[in-house]
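From first to last, the protein sequence lines are chains A and B. Position 27 of the first sequence, counted from 1, bears residue number 26 in numbering that gives the first Met the number 0, the numbering being contiguous throughout. Position 180 of the second sequence, counted from 1, bears residue number 179 in numbering that gives the first Met the number 0, the numbering being contiguous throughout. Where is the CB? At the ideal position from N, CA and C, for every residue including glycine. What follows is a set of notes on a single structure, which appears directly below.
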Amino acid sequence: MPIDLDFSRSYFELFGLPESYLVDTAVMADRYRSMQAALHPDRFASGSEQERRLSVQGASWVNEAYETLKDPLRRARYLLQLKGVDFDADKDTASDPEFLMQQIELREQLEQIDSESDPLSALDRVSADIRGWNNELRNQFEAAYNQNELDTARQIALKMQFFNRLFDELRRKEEQLEETLM
Amino acid sequence: MALLQISEPGMSTKPHEHRLAAGIDLGTTNSLVATVRSGTPSTLEDAEGRYLLPSVVRYLSSGEAIVGYTARQAASEDPYNTIASIKRLMGRGREDVKPLAGRMPYHFVDEDTTVPRIHTAAGDFTAMQVSADILKILKQRAEDSLGGDLTGVVITVPAYFDDAQRQATKDAATLAGLNVFRLLNEPTAAAVAYGLDKGAKGIIAVYDLGGGTFDISILRLNKGVFEVLSTGGDSALGGDDFDHALAEWMIQQLGITDTSDPRLMRRILNAAHEGKLALTDTMETQVSVELSDGESRVLSISRDQMNELIEPLINKTVMACRRALRDADVAAEDVLDVVMVGGSTRVPRVRERMSEFFGRPALVDIDPDQVVAIGAAIQADILAGNKPDEEMLLLDVIPLSLGIETMGGLTEKIIPRNTTIPVARAQEFTTFKDGQTAMSIHVVQGEREVVDECRSLARFALRDIPPMVAGAARIRVTFQVDADGLLNVEAREETSGVSAKVEVKPSYGLTDSEIEHMLRDSMAHARDDMQARALREQQVEADRVIEAINAALQADGEELLSEDEFARIESARDTLIERRNGGEIEPIKAAIKAVEVASEEYVARRMNKSVQSMMAGHKVEEFE
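Set out below in structure tokens:
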């Protein structure tokens, strides 16, 4: 009998899902809720010390698994990690010169956004562009991963990482703008 | 449907025994206690039939603490010894208090502790102790009206509370002699109060504007699961600020230039408060203030005038709503219901602005003062084990990012805000000097990149790291946030397997030994009582363990255990039964521990079985 709280199992095994980039998010969400319904510390509020400890560990693990598989970038990195592909987001950089040029341009655009006549809608445009490119990268990643072209997949994941950081910056900018506009 | 029958959390309770539990809303301005009786939640009243307990404590020179209405009435005549809005100081450091000190008339003790103490006629008190005095009254009220000891309580906190503030709340409860099942976010509690009544399904926004705190939470309700998608708000914004805005306007209108008399300031503030309340039902009202020279002055205030004064404050809340929606990745029009919580949502302009923003009328069916306590009572009833078939599950998120200080005074986020809790994240560190055996880690909470702009939570000293060459040690530090949003840290050197000792020095909290000291002080007078009580508590605990293990063994002991294992657990249980009837605390404790050790593996198997049944139940459902 497989033990569900065996922390050595992969997140895909935990959710009973095939190890692939495409995941059925609705099924995953349902199973997530079922597992939390059984494991969450609230179920053991008047339980013993060890039940509570085990439940915190188990629920944390399920949460971590869910957050990893739910997020397109984290899911990509996790798949690569399962294949033994090293992925150090801090040290590795994308090496595609065209892509890097695009990144620099986008950053410049973002910096100059304050001087736009309507900075918020300019932000919305950039944001929509990033979403589009990100979707494209996800498709590329899936294709490369399915072909077992892991190095290509890794390069794509690194690009996704770039966009994610850019997106974080964009949101910070948006918050700043909102504060000055209020 | 097999799903639900097996979802019972294992060996916790005997089915028919009803355990006394209560929900407590420990508010900035008022506190409440509620409980579920015969399936109906309601707030509990004092002898005069009032369900609100003003969160005001007056300390007398006799050492006595007066809590509630009487204390509040004394606020203007005895401002230095009458502590109000103490919630604002919970988990706060001396530096945080400085900007508030101008608004609070109290004398803060000038001593070298990180936790500020207020000097009163009865001694110097921390915010935690003052809160404990409020909680004691609520505990007494609940036990008097329920006719027995409480097994546990759910205490609500603003969703925006950081680790230090949550910890301070939990410590206050410990000091008041309460067993805390769970700290619950106030907006989640409000959604519970509404959700169960209406069986809502969809996105819910909870707008909670209390006396001293503002929270906005975006929740998703689905099949009994309340999932917090995002939270935001301001821990220093509330109806008190409306009063202050109005009071400042009054000071101008009255031409007062000397604002140094705390009694006068208190009278003006009280008048402003009365004016605000009156303007809920009328368009114009008169307030009267007695000035320093004893002369009374009457001022006329219109609702429009007040609306203008409070507009900037309401704008702040609207901005937080936008942000919370964005964090949740939902649009305002996706929101199915807007729940209004907190007395300040009675202000007509607040309701107008929210209905405008979300494009639908806000829900006000349940009294906005009681709704949080009622939700907490419902949750407490479930956590006490009184509703084994209850499907409801609350999945909360961490409200503020947890990070550590890195080089150059910058923060590195370990757990980003709005991550579902409980959660554990590990981070690896290494030494940078040969033979280094200690290392210091500074944990902060907040969204800013600069450490100084975040809240310092604790400094951890890792000691006993085995000496190695620089960079060779691999120290894995695990940050575990529990379901209450409280942080625990563990550290381990991976190459040698040695656990590094973690010494926690909370930046703004009290250490465990300080709390223990306070506990002892507060109970010094009643030592004998305490002994008897402690024994009774151990016996109750023993009974609970015995019942639980019996129920479990009967349910699936033969299925999950070998004969040997079964016998070992039974023997540990029998020892416990024997010692339970002896009059000594320690042997009972040891026997409980022994049962836990003997059944450790069994508990894990049961939990696995339960998870698997849930998953299996699902698959069946999907095929249908």
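Take residue 333 of chain B, set aside five residues on each side of it, and the residues of its chain with a beta-carbon closer than 6 Å to its own are 202, in chain order. The Cβ of residue 216 of chain B sits no closer than 8 Å to any Cβ of chain A. Minimum Cα-Cα distance from residue 80 of chain B among the listed residues B:192, B:349, B:124, B:255 corresponds to B:124. The Cβ of residue 53 of chain A sits closer than 8 Å to at least one Cβ of chain B.
By a beta-carbon distance limit of 8 Å, residue 155 of chain A does not contact residue 166 of chain A. Their separation comes to about 16 Å. Within chain B, 606, 609, 610, 613 have C-beta atoms less than 9 Å from the C-beta of residue 38 of chain A, given in sequence order.
In this structure, the alpha-carbon of residue 550 of chain B lies about 12 Å from that of residue 569 of chain B.
Excluding sequence positions up to five before and after residue 35 of chain A, its CB lies within less than 7 Å of the CB of 58, 61, all in the same chain and listed in chain order. Shown in chain order are the members of the stretch 545-566 of chain B whose Cβ falls below 8 Å from a Cβ of chain A: 547.
By the Cβ test, the stretch 44-51 of chain A is not in contact with the stretch 120-132 of chain A, since fewer than three Cβ pairs between them sit closer than 8 Å. Contacts with chain B (Cβ-Cβ distance below 7 Å) from the stretch 98-130 of chain A involve no residue at all.
Assigned with DSSP and collapsed to three states, residue 31 of chain A falls in helix. Under the DSSP definition of a beta bridge, residue 607 of chain B lacks any partner. The three-state reading of DSSP puts residue 408 of chain B in helix, counting H, G and I together. By the CB criterion at 8 Å, residue 217 of chain B and residue 329 of chain B fall inside the cutoff. Contact between residue 444 of chain B and residue 162 of chain B holds, since their C-beta atoms are separated by about 6 Å, short of 8 Å.
Nearest CB-CB separation between residue 423 of chain B and chain A: below the 8 Å threshold. Of the residues assessed, residue 295 of chain B falls on the exposed side of the cut-off, its CB having fewer than 16 other CB atoms within 10 angstroms. Looking at B:304, B:291, B:292, the one whose alpha-carbon comes closest to that of residue 285 of chain B is B:304. Residue contact with chain B for residue 41 of chain A: present (Cβ-Cβ distance below 8 Å to some residue of chain B). Counting only the Cα atoms, residue 458 of chain B lies some 16 Å from residue 474 of chain B. Counting only runs of at least 3 residues, the stretch 105-157 of chain B fully encloses the following beta strand (DSSP E) elements, listed from N- to C-terminal order: 117-119, 122-124, 151-156. Each residue's CA atom was taken as its position, placing residue 144 of chain A and residue 132 of chain A some 18 Å apart. Looking at B:344, B:316, B:392, the one whose alpha-carbon comes closest to that of residue 219 of chain B is B:392.
Look at residue 420 of chain B here: in three-state DSSP terms it is coil, with no helix or strand label. Within the stretch 6-31 of chain A, the residues whose Cβ lies closer than 7 Å to any Cβ of chain B are, in chain order, 15, 29, 30. Within chain B, not a single residue places a beta-carbon under 9 Å from that of residue 94 of chain A; the smallest gap is close to 25 Å. A buried status is given to residue 556 of chain B, since no fewer than 16 other beta-carbon atoms sit within 10 Å of its beta-carbon. Taking 8 Å as the CB threshold, residue 307 of chain B stays off the interface with chain A. Look at the beta carbons and you see the stretch 140-157 of chain B not touching the stretch 465-481 of chain B: under three pairs across the two are nearer than 8 Å.
Inter-segment contact for the stretch 273-291 of chain B and the stretch 312-319 of chain B is absent: fewer than three beta-carbon pairs are separated by less than 8 Å. Beta-bridge partners of residue 89 of chain B (DSSP): none assigned. Chain order gives the chain B residues near residue 62 of chain A as 418, 419, 420, 421, 422, where near means a beta carbon separation below 8 Å.
Per DSSP, residue 441 of chain B is one residue of the beta strand (DSSP E) stretching across 438-444. About 5 Å separates the Cβ atoms of residue 209 of chain B and residue 237 of chain B, confirming a contact at the 8 Å cut-off. Across the stretch 69-83 of chain A, no CB contact with chain B closer than 9 Å is found for any residue.
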